[in-house]
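Colleague:
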Amino acid sequence: MMHYRAIWISDVHLGTSGCQAKYLLDFLKHNEADTLYLVGDIIDGWRLKQSFYWPQAHNDVVQKLLRKARKGAEVIYIPGNHDEAARQYFGMSFGDIKVEEEVIHTLLDGRKLWVTHGDLFDGVMQYAKWLAYVGDSLYSFILYINRYFNMLRVKMGLQYWSLSQYLKHQVKNAV
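Numbering (our numbering), first residue to last: 125 to 299.
1) ARG129: beta carbon under 7 Å from a heavy atom of the ligand SAH?
2) Say whether the segment 196-203 touches the segment 149-163, bearing in mind that this needs 3 or more beta-carbon pairs closer than 8 Å, one atom from each stretch.
3) Quick check on DSSP: helix, strand or coil for TYR177?
4) Would you identify the three-state DSSP class for ALA197, choosing helix, strand or coil?
5) For ASP184 and ASP233, I'd like the C-alpha separation in whole angstroms.
6) At the level of alpha carbons, what is the spacing between GLN174 and ILE167?
7) How close, in whole Å, do the beta carbons of ALA130 and HIS229 come, if the pair is a contact with beta carbons under 8 Å?
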């Protein structure tokens with residue numbers, strides 16, 4: 125079991141069929157941290173509003189996070205745009221998981237990191253939220269395609285490959 129001072133996890137999107145909850149659960153089982161930062165989009169409220177999807181693996185991840193907090197890890201949940209409903213609970217704790225807007229993490233050498241979710245700086249989220257919803261729908265479609273694409277890859281003996289990550293990289297290089 126590996127132990128770290130801090131682990132940052134973001135963009136899990138529990139509540140979506142594209143969520144890789146089993147991989148996250150495996151990671152959580154094999155890694156411990158003094159502080160575990162859950163930095164946005166852990167639960168996908170946007171998708172859950174459209175259609176409810178919550179398999180056992182998603183429950184298992186939540187239970188594992190609660191267990192880590194109960195056993196003494198400091199677990200800090202900083203909501204993002206997809207789990208923005210949790211923002212009304214800033215300053216509160218649920219099952220020993222603290223909900224915060226932002227925190228400061230201090231490195232061993234004394235430098236400080238500001239931990240917050242990036243949607244606060246996203247012009248689309250701030251001024252054209254409708255466009256963010258369109259982008260989210262396209263992204264969900266890509267994840268849907270990617271799931272079947274990777275089933276085929278597994279049958280061919282190939283490793284997992286992320287279409288969404290590839291497209292995101294291509295867009296960033298083009299811009």
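Ideal Cβ positions, reconstructed from N, Cα and C, are used throughout, including at glycine. These numbers come from a predicted model, not from an experiment.
Modeller: From the atom records:
1) Questions concerning the ligand SAH fall outside what the structure shown contains, since it holds no ligand whatsoever.
2) yes
3) Taking the sequence shown and counting its residues from 1, one reaches residue 177 at position 53. Note: TYR177 maps to coil in three-state DSSP.
4) As a first step, residue 197 must be located in the sequence shown, where it is residue number 73. Three-state result, ALA197: coil.
5) Walking along the sequence shown from the start, residue 184 turns up at place 60. Walking along the sequence shown from the start, residue 233 turns up at place 109. Taking the straight line from one Cα to the other gives about 36 Å.
6) The residue given as residue 174 occupies position 50 in the sequence shown. The residue given as residue 167 occupies position 43 in the sequence shown. Roughly 14 Å between the two C-alpha positions.
7) If you number the sequence shown from 1, residue 130 lands on position 6. If you number the sequence shown from 1, residue 229 lands on position 105. The pair is a contact, with the Cβ atoms about 6 Å apart (cut-off 8 Å).
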